[in-house]
Amino acid sequence: MKIIVDAMGGDKAPLEIVKGTLRAVKARPGLEAVLVGREAEVRKAAEQCGAAQLPKGVRIVNATEVIGMHDDPATAFKTKKDSSITVGLNLLKNGEGDAFVSAGSTGALLSAGTLIVKRVRGIRRAAMAPLVPTAGRGVVLVDCGANAECTVEYLVQFAYLGSFYAAKAMGIERPRVADRKSVV
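Heads up: the sequence shown begins at 3 in our numbering, then just goes up one per residue.
Below you can see the structure in the form of structure tokens.
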């Protein structure tokens, strides 16, 4: 599996993002990563992590701009065409990775993802889906507040998305779908 990572998104980026990416690649044989961001800063962060040379399966794609939390999330990816989010999502769209991960602006990520990569056919509303740690394998929390109002149709689609993710990415054979009342 090849994961495209926004190296410039999130707190203490790119150092903490690069550190986590290098750890993940080391811990999971066969995992590859593409770090997208300001190349000089990403390389410096890798060196600070003790990687004078990038390990096998890790490469950097230069992106000179960063979408900040102060940028308008609905339009930032259009005005900052060389941002780490825009470049990374275009790599995903072009089949150069299996997934894109960012700890940057969720609004910009959701807007850009919807317009660049597009939604899965039949899914009308995108949803954020963080993994919530539990005593077991964890829970996929689909639509963690990104949508203020949801129709029954959207909730059913979220259930399908979460169930598919739990099965394919988490290896859960028969994922259980529940609402907040039945998991508390």
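Glycine included, every Cβ here is placed at the ideal spot set by N, Cα and C.
What's the C-alpha gap between residue i and residue j?
| i | j | result |
| --- | --- | --- |
| residue 191 | residue 168 | Since the first residue shown for the chain is 3 and the last is 186, residue 191 is missing from the structure and cannot be characterised. |
| residue 129 | residue 145 | 5 angstroms |
| residue 14 | residue 44 | 12 angstroms |
| residue 106 | residue 8 | 8 angstroms |
| residue 186 | residue 133 | With a pLDDT of 46 at residue 186, under the threshold of 50, the modelled position of that residue is not reliable, and the figure given next carries that caveat. When rounded, the distance between both Cα atoms is 16 angstroms. |
| residue 74 | residue 81 | 10 angstroms |
| residue 4 | residue 16 | 19 angstroms |
| residue 188 | residue 170 | No statement about residue 188 is possible, as the shown extent of the chain runs from 3 to 186 and does not include it. |
| residue 173 | residue 181 | 21 angstroms |
| residue 93 | residue 126 | 23 angstroms |
| residue 139 | residue 150 | 28 angstroms |
| residue 108 | residue 55 | 31 angstroms |
| residue 83 | residue 11 | 15 angstroms |
| residue 20 | residue 47 | 6 angstroms |
| residue 60 | residue 30 | 12 angstroms |
| residue 2 | residue 137 | It is not possible to answer for residue 2, since the shown part of the chain is limited to 3 through 186. |
| residue 32 | residue 57 | 12 angstroms |
| residue 91 | residue 42 | 21 angstroms |
| residue 104 | residue 62 | 15 angstroms |
| residue 152 | residue 175 | 28 angstroms |
Between residue i and the rest of its own chain, which residues show a CB-CB distance below 8 angstroms, the 5 nearest in sequence each way excluded?
| i | result |
| --- | --- |
| residue 123 | none |
| residue 18 | 12 |
| residue 98 | 4, 6 and 36 |
If we count the other Cβ atoms within 10 Å of its Cβ and call it buried at 16 or more, is residue i buried or exposed?
| i | result |
| --- | --- |
| residue 116 | exposed |
| residue 114 | buried |
| residue 89 | buried |
| residue 65 | buried |
| residue 158 | exposed |
| residue 160 | buried |
Just to confirm my understanding: we take residue i, look at its own chain, exclude 5 residues before and 5 after, and list those with CB closer than 6 angstroms. What are they?
| i | result |
| --- | --- |
| residue 141 | 134 |
| residue 101 | 5 |
| residue 143 | 132 and 134 |
| residue 34 | 4 and 59 |
| residue 78 | 69 and 110 |
Check whether the Cβ of residue i lies closer than 7 angstroms to any heavy atom of the ligand NAD, and answer yes or no.
| i | result |
| --- | --- |
| residue 49 | Among the components modelled here there is no ligand, and therefore nothing to report on the ligand NAD. |
So, for residue i: in the same chain, excluding its five sequence neighbours on each side, which residues have a beta-carbon less than 7 angstroms away from its beta-carbon?
| i | result |
| --- | --- |
| residue 95 | 118 and 119 |
| residue 154 | none |
Original post:
How do the region 69 to 79 and the region 38 to 51 stand: do at least 3 beta-carbon pairs fall below 8 angstroms, yes or no?
Top reply: No, the region 69 to 79 is not in contact with the region 38 to 51.
Original post:
In the region 64 to 108, which residue ranges form an unbroken alpha helix (DSSP H) of at least 4 residues, counting only runs that do not cross its ends?
Top reply: The DSSP assignment places complete alpha helix (DSSP H) segments of no fewer than 4 residues inside the region 64 to 108 at 78 to 81 and 86 to 95, in order along the chain.
**OP:** Run through the region 15 to 67 for me and flag every whole beta strand (DSSP E) of 3 or more residues, listed as ranges in chain order.
**Re:** As far as the region 15 to 67 is concerned, its whole beta strand (DSSP E) runs of at least 3 residues are 34 to 39 and 60 to 64.
Original post:
Does the region 49 to 62 come close enough to the region 19 to 26 that 3 or more CB-CB pairs lie under 8 angstroms?
Top reply: Contact holds: three or more Cβ-Cβ distances are below 8 angstroms.
Subject >> Residue ranges of each alpha helix (DSSP H) within the region 157 to 183, 4 or longer >> reply: Within the region 157 to 183, no complete alpha helix (DSSP H) segment of 4 residues or longer occurs.
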